[in-house]
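Since the structure comes first, as structure tokens, the remarks are kept for the end.
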Amino acid sequence: MSKPLKIKLHVNGVARELVIEPRVTLLDALREHLNLTGSKKGCDQGQCGACTVHVDGERVLACLTLAAQVEGREITTVEGLTPDGAELHPVQAAFLKHDAFQCGYCTPGQIMSAVACIREGHASSDAEIREYMSGNLCRCGAYPHIVAAVREAREALS
Amino acid sequence: MRDFTYARAASVEDARRLAQQSGAMLLAGGTTLLDLAKCGVARPDHVVDITHLKGLDAIEVTREGAHLGALAKMSHVADDKAIRAEFPAVSEALWQAASAQLRNMATIGGNLMQRTRCAYFRDPNSFAACNKRQPGSGCAARGGITRNHAVLGTSSSCIATNPGDLAVALVAFDAIVHLGDRKVPVDDFFLLPGATPDREQAIEPGEVITAVSIPASAAARRSTYLKVRDRQSYEFAAASAAVGLDLEADGRTIRDIRVALGGVATKPWRAHAVEKALKGKTLEPETVMRASLLAMEGAIAQGDNHYKIDLAPRVIARAILKVGGLA
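So the protein lines, in turn, are chains C and B. Yeah, the first sequence ends on 640 if you go by the working numbering, and it's all consecutive. Yeah, the second sequence ends on 1196 if you go by the working numbering, and it's all consecutive.
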């Protein structure tokens, strides 16, 4: 077994030290070591988007990122989208209003992706929302409601 | 995922040194390496992280052309204003590839190193035979489900399709891969499978891609990337074409034309025969359709992928007519 690494991750504004095997992904570090289970493990192969988090403000897949790789970067998970006790983020509120989920398993990834999609300026039309949200699969098929939620959140954030 | 050591390269020189260790693999965006490590296809003993290297992520466009640092992210290059203006096919190939998250991770250098999506290559537990994975073991794809396999550039050893989009645009516009001081034309960087399908790129152990440059041209400025696929987004090409066009002052005689194909060949495929047939000709639909058929000379279907031989020329023609303002 390779020697464990001692690394420091900045997650949701807090510096967290952890000792991990080199092969531990950011997703496993968040879920298994830091008890942040909002980021979901769907395919664990970079195909479903359920593990979407932000690294230095950009959406990435935590399952295809090594935890050691993002030392020194700013990591934001769905738990860190709003400060503790604050109201819902406008994207979260829009998902509730538009019933943009059924089982909810893909929802944290959808929300993290949508926040970034709007920030990038890639939510200007329904067609663009569909294109730039295509990396987040919803097996319940809530896509029309997800598009509606992203559209409304874009207005709320503009 | 198998056990490996992790080292963070402090400089390009350091990366080269670390990459020379037996069993070492470079880690950039990780979207291929970690995916294939999870499948049991990539088996690194040592992972060398190059993502913390400084100064390798520049995107520069000058009168001479574009210079893309190897660590520039796909998403950043796709959205770059100067790239969109001077090399629209490059931007379009990038934003139509993968997903927004993957494009925020994957780098320009790493993109050139992505492996085939051949389902037999990716599944060692079910299919022992794969000459690309295990030289000399055979090819499970032949006689299997071959809908996504190549019709051009295949060999008796391998029929796997190169999945790239960006590389197709790079091949069309004569890009250069920089391996430090060694410079390789991108068309030579990608190797035909022949008897050694395990070797896909002309890069040696210990070499590091540092940049990709694309010379400016009128054809690159008037270009597009047309990607046809089973699903509208987040899918590999059934057939794609990067096309660039430069017309004489009369607005209808073709002075220069570039055509490259994706999704149909074992490497990003420059269609020289189509270009030659159209240079000096008048841009009109029937001429373009007829010339586009030449791209499929020598194509060999495997059974499930015959449709690509019909589809690819139509994709080329539609792309040419689109940049020519006729479609």
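Ideal placement from N, C-alpha and C gives every residue a C-beta, glycine not left out. Keep in mind that this is a model prediction, so the values were computed, not measured.
Item	Value
Which residues DSSP lists as bridging C/Thr507, in chain order	C/Leu548
B/Ser1026: first and last residue of the uninterrupted beta strand (DSSP E) it sits in	No beta strand (DSSP E) contains B/Ser1026, which DSSP labels as neither H nor E.
Short CB-CB distance (under 9 Å) between C/Ala550 and chain B	yes
Reference B/His921; option with closest CA among B/Ala897, B/Cys908, B/Lys1148	B/Ala897
Nonlocal neighbours in the same chain, by C-beta distance under 8 Å from B/Cys908, ignoring five residues either side	Arg991, Asp992, Pro993
Neighbouring residues, chain B, relative to C/Cys479 (Cβ below 8 Å)	Outside the displayed range of chain C (483 to 640) lies residue 479 of chain C, so it cannot be described from this structure.
B/Gly976 at chain C interface by Cβ criterion, 9 Å	The question names Gly, but residue 976 of chain B is Thr in the sequence shown. No, because no Cβ of chain C sits closer than 9 Å to the Cβ of B/Thr976.
Continuous alpha helix (DSSP H) stretch holding B/Arg1187: start and end	1176 to 1192
Residue interval of the beta strand (DSSP E) (run including B/Gly1131)	1123 to 1131
Interface partners of B/Gly899 on chain C, CB under 8 Å	Leu546, Thr547, Leu548, Gln551
8 Å contact criterion, which C/Cys533 and C/Gly524 should meet: CB distance rounded	7 Å
Neighbour list for B/Leu1039 in chain C, Cβ cutoff strictly below 7 Å	Per Cβ cutoff of 7 Å: no residues; B/Leu1039 is ~23 Å from chain C at best.
Chain-ordered neighbours of C/Ser616 on chain B, where CB pairs are closer than 7 Å	Ser968, Ser1102, Tyr1103
Contacts that B/Asn980 makes with chain C (C-beta to C-beta distance below 9 Å)	Those within 9 Å of B/Asn980 in chain C number zero; the least Cβ separation is about 14 Å.
Stretch-stretch touch, CB-based, cutoff 8 Å, three pairs: the stretch 589 to 604 of chain C with the stretch 876 to 889 of chain B	no
C/Glu634 (DSSP reduced to helix, strand or coil)	helix
Cα-Cα separation, C/Val493 to C/Ser595	17 Å
Neighbour flag for C/Glu613 against chain B, beta carbons, 9 Å	yes
Interface residues of the stretch 1011 to 1027 of chain B facing chain C [CB-CB below 9 Å]	none
Completely contained alpha helix (DSSP H) runs for the stretch 1037 to 1067 of chain B, where each covers 4 or more residues	1055 to 1058
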